[in-house]
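Below is one structure, written out as C-alpha cells; comments come after it.
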Amino acid sequence: MTILEDRPSNPAAGDHDRPIGHGRMQRKEDPRFVRGKGHYVDDIVLPGMLHGAILRAPVAHARLVSIDTTEALAHPKVLAVITGSDLQALGLAWAPTLSMDVQAVLVTDKVRFQGQEVAFVVAEDRYAARDALELIQVEYDVLAPVVDARKAMDPDAPVIRDDLEGRTDNHIFDWEAGNKAETDAVFASADVVVKQEIVYPRVHPAPMETCGAVADFDPIEGRLTLYETTQAPHAHRTLFAIVSGIPEHKIRVVSPDIGGGFGNKVGIYPGYILAVVGSIVTGKPVKWVEDRSENLMSTSFARDYIMQGEIAATKDGKILALRTSVLADHGAFNATAQPTKYPAGFFHIFTGSYDLAAAHCTVTGVYTNKAPGGVAYACSFRVTEAVYLVERMVDILARKLEMDPAELRLKNFIKKEQFPYPNKTGWEYDSGDYEPTMRLSMKMAGYDELRREQKEKRERGELMGIGISFFTETVGAGPRKDMDILGLGMADGAELRIHPTGKAVVRISVQSQGQGHETTFAQIVAEEIGIPPEDIDVVHGDTDQTPFGLGTYGSRSTPVSGAAVALVARKVREKARFIAAAMLETRPEDLEWEKGRWFVKGDPSVGKTMAEIAMGAHGTVALPEGIDGNLDAEVTYDPPNLTFPFGAYICVVDVDPGTGHVKVRRFIAVDDCGTRINPMIIEGQIHGGLTDGVGMALMEIIEFDAEGNCLGGSFMDYLIPTAMEVPDWETGFTVTPSPHHPIGAKGVGESATVGSPPAVVNAVVDALAPFGVVHMDMPCTPARVWEAMQGRTRPP
Ligand code: MCN
Ligand code: CUN
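The sequence shown begins at 2 in my numbering and counts up one residue at a time.
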C-alpha cells in the first residue's frame, strides 16, 4: 500500500489540518478497478439465468386500449411476457414511491410519460428479449399531454393522475418555510428590491453504469436474492418485503460494485420489481439491465424548478431578506426521495451563507407527463436549487447596487461568532467561518488582478467574466426525530470485529458508488484503534452481511456512518482496555492509551497492542464480569444535527463574441468539509462535482417537445462534459470541524455539484454585462449566449 504525503499544511486551516489515519492513502478498491476486475450487476451470471427487457411507451399521455402478446409469446426463446393486467392480478401493478405516492410498475390504464414501462419480456438471451418487444401489439388512444409545469394547474389541463381517487387537477403539494409576514414587512420598507425568475432545468445524473438487477427467487426455500444497482440496500429490502409479502429475513439485497450513483440509484424502479416477478414466474434467475436511453428517459431526473426570486437590501449593501415561490415539476408520479417531512427536500436552506433578517419560501409541486424523480444528481435534497437561487440573486443585487460581488458577499456573511447559527427557515448551522475561505479563494484567484484584466479586455471589446459562488451545504440526514424515509428513521449501524490475529472487519450500512468507502472507513478505524488501514476490511452493500441503515445519499455516509464507525471503534478501544487490564493483572483505570496500545500509566514499557489484546480476548485469560470473550462491538448512530460544509468558488470564463461559445479558463475551489479523512479522495470528489457543475451550467438539459417527446434521451442530445470542456481545477481548503461529529468531519460528496453551477453562470452573465444581460438560464449554450447578446431570451 502506497501512502502519499499530504500537501503542505494550509495556514488558513489552523491546527486542525490533520488527515485521519494515513492521510492521502491510495484507494484500497482501485487495484481491482484499474485492472478491470470490478464486479458490477451486469457481471453477475447465474446458472440458467434468463434476460428481461421492457417495452416502453412511445407517447407521453395515452389511454391503453389493448395489448396483444401472442406473437411475442410464440417466439422460440421467449419464456414469459408480463403485462399490467398480469401484475394487477398479483396486486403488484402499482408500487409505493418514496414520497407516499404510487407509481405504475406496468401500465394498466394510462401511459403517463414517454418511456413508461408497458410490458416485460423474459427470454433466453438479451437479444431475443429485445426482439420480442417488437412482436407485442399495443393500441393506444393518444391524449393531450401536460408538458409545461406552468400550465399544469390551468383549469382545462388534462388530469394526469386520474388513478388517484377524487383527483381533479395536477396539484401535488404546497409547502412553505420561514415567516411570510415578517419577510413581507422587511421587503416593504427596504431601499432596494430586485426580482428575477430563475429556472433550474431538468437534468440527469447520467452515471456511467445504468440501472439494473438480477433477481433469483428460490421457490423451495421461498428466498429472494436480489442483486441491484442501489445506493440503499437495506431500505430497498424492507420495501420489497412490504410490497411483495416475502418475509424480510428471506430477502437478501446485494449491491455489488456500482458504476456511479449520483442519486440515480436511490429509488426502486419498475425494472427491479419486474426482474423479481420474472424470476418468480419462470423459476429461474432473471437479469434486467437498461440501456442508456432507458436510463435517461425513465429514471430519476434532477431539478426542474421554476423559481421566482426576490432579494431586499439597504442601499449600502446590507442584505435584509430573501423570498421565493417555486413551481416544482415532479413528473407523472411523485417519486422523489427525501425525508418525509420535507416535500421540497432541504430547498428551504435557501438563505445560504448570509445573515438575514427574514426569509420565506413556498413550493408548489405539480404532475406533468414526464418521467418521475426530482432528487438526484448530487443535490443534497435540493440544496443545489437553493444555492443556485441565492447565489444568482446576490449577484443580481450586486449589479443593481454597482457593488463588487465578492465585497457584497463578505459584507453579509454569517460571522464566525454567530455559530451555531439558527437561520430564518428553521435550521441550525453547526459551524462555519466563511470569511477566511472566501479570502483564500480570492487570493488563489488573484481576484483584484483578474478584475483589472477584465477591465482592460472590456475596453478592447473582449468578453471575460468572473463568477463567484459561496455555498453552504446541508448534509448528513439526519436526526431521527426529524427525519425518516417512509417511516424508517435515518440512523446507520456499524459493526467492528477484531479477529484473534489483530486484523479487523468493519461492516457498514452505507454503500459506495465510487466514493472510496473501503478506504476512508478503514482510515477512521485506523485512527481510532491504531490498526493499519490495510489490515481492516470494509464490508458494505450486502444486507446479509451488514447492519441496518438507510444508505448513501445526501452525502450522509461520513456524517452518519462515519460517526457510527468512529464510535464503534471507540467502543472496541474501551473494551480492549478491560481485556488488557486482565492480561496485565492491573486495573483498567491504571491504563493509558497511545495509538494502537494500552500501557500502564507511568510505565510505558508494560502494555499490550491491539493485536495482543485481540488474541487475549479469544484466549484463556480470565475476563472481568460483563466483558465477552471477543473484541467486537456494534453501534447505531442517530446524528444530533446535520453538518454544514461550505466553500468559495471562483470561475473565470472567456466568451467568444462571434459564436457565443463559453470557455471556462480557470476555476478556483476552496472547500471546507471539517476534518479531512482522505485529502486525495476529497479532491477527487471535488473534481467530479466541479465537472458536473460546468456540465449543467453550459450543456446539460432534458427538454421535451409540445407532444411530450423527450429530447434528451441519448448522449447525442444530452451533452456531458469531457476533459475538453473543463480547466485544470485549482483547489484549496480550510478546516472548520463539525462540533457534534465524533471526528469533526462533514460530508463533501455533493459540495462541488451544489456550489459550482452558480459560479459558472455568474461568470457568463458577468462577461455579458456590456450587453446589459442581468440573468440567463442554464445551460449557457452558444446559441443561448448569442441570443442573450442580441437582447433576446428564450420563451419559457
Ligand atoms: N470524505 C473525507 N473527508 C471528509 C468527508 C468525506 O475523506 N471530511 C470522503 C468520505 O470518506 C468518502 C467520500 O469522501 O469516501 C465522500 O463522502 P461523503 O461526503 O460522506 O459522501 P457519501 O460517501 O455519502 O457519498 C454520497 C455523495 C452523493 S449523495 C452523491 S450524489 C455522489 C457523491 O457522493 N455520488 C457519487 N460522489 C460520488 N462520487 C462517485 N465516484 N460516484 C458517485 O455516484
Ligand atoms: Cu441528491 S443525489 Mo446523492 O444524494 O445520492
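Glycine is no exception: its CB is placed at the ideal position from the N, C-alpha and C atoms.
None of the values given here were measured: they were computed from a predicted structure.
For residue 466: DSSP bridge partner residues: The residue given as residue 466 occupies position 465 in the sequence shown. For residue 466, which the question treats as bridged, DSSP gives the partners 654.
Reference residue 691, options 679, 667 and 703, closest by Cα: As a position in the sequence shown, residue 691 is number 690, starting the count at 1. Taking residue 691 as reference, the option from 679, 667 and 703 with the minimal CA-CA separation is 667.
Where the alpha helix (DSSP H) containing residue 787 begins and where it ends: The residue labelled residue 787 in the question sits at position 786 within the sequence shown. DSSP places residue 787 inside the alpha helix (DSSP H), whose first and last residues are 783 to 790.
Residue 386, DSSP secondary structure in three states: Walking along the sequence shown from the start, residue 386 turns up at place 385. Residue state for residue 386 is assigned as helix, using DSSP reduced to three classes.
From residue 736 to residue 143, what does the alpha carbon distance come to, in whole angstroms? On the sequence shown, residue 736 is found 735 positions in, with the first residue counted as 1. On the sequence shown, residue 143 is found 142 positions in, with the first residue counted as 1. Rounded to whole angstroms, residue 736 to residue 143 spans 57 Å at the Cα level.
Since residue 486 and residue 338 are thought to touch, with beta carbons under 8 Å apart, how far apart are those beta carbons, to the nearest angstrom? By one-based count along the sequence shown, residue 486 stands at place 485. By one-based count along the sequence shown, residue 338 stands at place 337. Confirmed, Cβ separation roughly 7 Å.
Give me, in chain order, the residues of the same chain whose beta-carbon lies closer than 6 Å to that of residue 655; leave out the 5 immediate sequence neighbours on both sides. Here residue 655 is taken as the residue at index 654 of the sequence shown, counted from 1. Cβ within range, chain order: 465, 664 and 666.
Residue 616, enclosing alpha helix (DSSP H) - first and last residue: To locate residue 616, count along the sequence shown from 1; it is residue 615. Looking at the DSSP string, the run of the alpha helix (DSSP H) that includes residue 616 is 611 to 618.
Inter-residue spacing [alpha-carbon to alpha-carbon] between residue 480 and residue 647: The residue labelled residue 480 in the question sits at position 479 within the sequence shown. The residue labelled residue 647 in the question sits at position 646 within the sequence shown. Their backbone Cα atoms lie some 20 Å apart in a straight line.
Reduced DSSP secondary structure (H/G/I, E/B, other) of residue 309: As a working mapping, residue 309 is identified with position 308 in the sequence shown. In the structure shown, residue 309 sits in a strand (DSSP, three-state: E or B).
Give me the Cβ distance between residue 369 and residue 346, rounded to the nearest whole Å; I'm assuming they're in contact under 8 Å. One-based indexing of the sequence shown puts residue 369 at position 368. One-based indexing of the sequence shown puts residue 346 at position 345. Under the criterion of beta carbons closer than 8 Å, residue 369 and residue 346 do not qualify as touching, at roughly 18 Å.
Starting from residue 572 and walking both ways along the alpha helix (DSSP H), at which residues does that stretch end? Residue numbering aside, residue 572 sits at position 571 when the sequence shown is read from its first letter. DSSP places residue 572 inside the alpha helix (DSSP H), whose first and last residues are 564 to 585.
Nearest CA to the CA of residue 780: which residue from 689, 718, 742 and 750? As a working mapping, residue 780 is identified with position 779 in the sequence shown. Nearest C-alpha to residue 780 among 689, 718, 742 and 750: 718.
Ranges of the alpha helix (DSSP H) found wholly within the stretch 112 to 175, counting only runs of at least 4: The qualifying runs are 127 to 134.
Let me know if residue 5 comes out buried or exposed under the rule of 16 or more other beta-carbons within 10 Å of its beta-carbon. Position 4 of the sequence shown, counted from the first residue, corresponds to residue 5. In this prediction, residue 5 scores a pLDDT of 34, lower than 50, which makes its location untrustworthy; the coordinate-derived value is nonetheless stated afterwards. Around the CB of residue 5, fewer than 16 other CB atoms lie within 10 Å, so the residue is classed as exposed.
Opening and closing residue of the beta strand (DSSP E) in which residue 237 lies: Counting from one through the sequence shown, the residue named residue 237 turns up at place 236. In the DSSP assignment, residue 237 falls outside any beta strand (DSSP E) and lies within the alpha helix (DSSP H) extending over 234 to 245.
Please find out if some non-hydrogen atom of ligand 2 comes closer than 6 Å to the beta-carbon of residue 380. One-based indexing of the sequence shown puts residue 380 at position 379. Taking 6 Å as the cut-off, the C-beta of residue 380 counts as close to a heavy atom of ligand 2.
Are the CB atoms of residue 269 and residue 356 nearer to each other than 7 Å? One-based indexing of the sequence shown puts residue 269 at position 268. One-based indexing of the sequence shown puts residue 356 at position 355. In this structure, residue 356 does not lie closer than 7 Å to residue 269 by Cβ.
When DSSP labels each residue in this structure, what does residue 731 get in the three-state scheme? As a position in the sequence shown, residue 731 is number 730, starting the count at 1. Annotated three-state conformation of residue 731 is strand, per DSSP.
Contacting residues, own chain, Cβ-Cβ under 6 Å from residue 200 (five flanking each side not counted): Reading the sequence shown from its first residue, position 199 is the one you call residue 200. Excluding positions up to five away in sequence, the list reads 307 and 778.
Run the CB neighbour count on residue 209, radius 10 Å, all protein chains shown included, and call it buried at 16 or more, exposed below. As a working mapping, residue 209 is identified with position 208 in the sequence shown. Around the beta-carbon of residue 209, fewer than 16 other beta-carbon atoms lie within 10 Å, marking it exposed.
Residue from 236, 578 and 230 with nearest C-alpha to residue 256: The sequence position of residue 256 within the sequence shown is 255, counting from 1. Closest option to residue 256, judged by alpha-carbon separation, among 236, 578 and 230: 230.
Assign residue 111 to buried or exposed, taking buried as 16 or more other Cβ atoms, counted over all protein chains shown, within 10 Å of its Cβ. As a working mapping, residue 111 is identified with position 110 in the sequence shown. Under the 10 Å beta carbon count, residue 111 is surrounded by 16 or more other beta carbons and is classified as buried.
Pull up the DSSP beta-bridge partners for residue 375, would you. Within the sequence shown, numbered from 1, the residue matching residue 375 stands at position 374. Note: residue 375 is bridge-paired with 303 in the DSSP secondary-structure output.
Going by beta carbon distance, what residues of the same chain come within less than 7 Å of residue 698, once the five residues before and after it are set aside? Residue numbering aside, residue 698 sits at position 697 when the sequence shown is read from its first letter. Excluding sequence neighbours, residue 698 sits near 758, 761, 762, 779, 780 and 781.
Could you please give the first and the last residue of the uninterrupted alpha helix (DSSP H) stretch that includes residue 755? Within the sequence shown, residue 755 is the residue found at index 754, counting from 1. Per DSSP, residue 755 belongs to the alpha helix (DSSP H) from 752 to 768.
Residue 35: CB within 6 Å of a non-hydrogen atom of ligand 1: One-based indexing of the sequence shown puts residue 35 at position 34. Not under cutoff, so the answer is no.
I need the straight-line Cα distance from residue 342 to residue 727, nearest angstrom please. Here residue 342 refers to the residue found at position 341 when the sequence shown is read from its first residue. Here residue 727 refers to the residue found at position 726 when the sequence shown is read from its first residue. Straight-line Cα distance between these residues: approximately 38 Å.
Identified DSSP bridge partners for residue 336: One-based indexing of the sequence shown puts residue 336 at position 335. According to DSSP, residue pairing for residue 336 in a beta bridge does not occur.
Measuring only from the beta carbon, is residue 698 closer than 6 Å to any heavy atom that is part of ligand 3? Because ligand 3 does not appear in the structure shown, any question about it cannot be addressed here, the ligands present being ligand 1 and ligand 2.
Assuming the contact rule is C-beta atoms closer than 8 Å, residue 205 and residue 703 should be a hit. Round their C-beta distance to whole Å, please. Working through the sequence shown from its first residue, we reach residue 205 at position 204. Working through the sequence shown from its first residue, we reach residue 703 at position 702. Their Cβ separation, rounded to whole angstroms, is 6 Å, which keeps residue 205 and residue 703 in contact under 8 Å.
Once the 5 residues before and after residue 792 are set aside, which same chain residues still bring their CB inside 8 Å of it? Translated into the one-based positions of the sequence shown, residue 792 becomes position 791. Here the set comprises 772 and 773.
Mind reading off the beta-carbon distance from residue 100 to residue 335? Whole number of angstroms is fine, and I expect it under 8 Å. By one-based count along the sequence shown, residue 100 stands at place 99. By one-based count along the sequence shown, residue 335 stands at place 334. Residue 100 to residue 335, Cβ: 4 Å. Contact.
To the nearest angstrom, how far is it from the Cα of residue 787 to the Cα of residue 363? Counting from one through the sequence shown, the residue named residue 787 turns up at place 786. Counting from one through the sequence shown, the residue named residue 363 turns up at place 362. So the alpha carbons of these two residues sit roughly 33 Å apart.
Span of the alpha helix (DSSP H) around residue 442: For the purposes of this step, residue 442 is taken as residue 441 along the sequence shown, with counting starting at 1. Residue range 435 to 446 is occupied by the alpha helix (DSSP H) that includes residue 442.
So for residue 684, helix, strand or coil by DSSP? Taking the sequence shown and counting its residues from 1, one reaches residue 684 at position 683. Helix.
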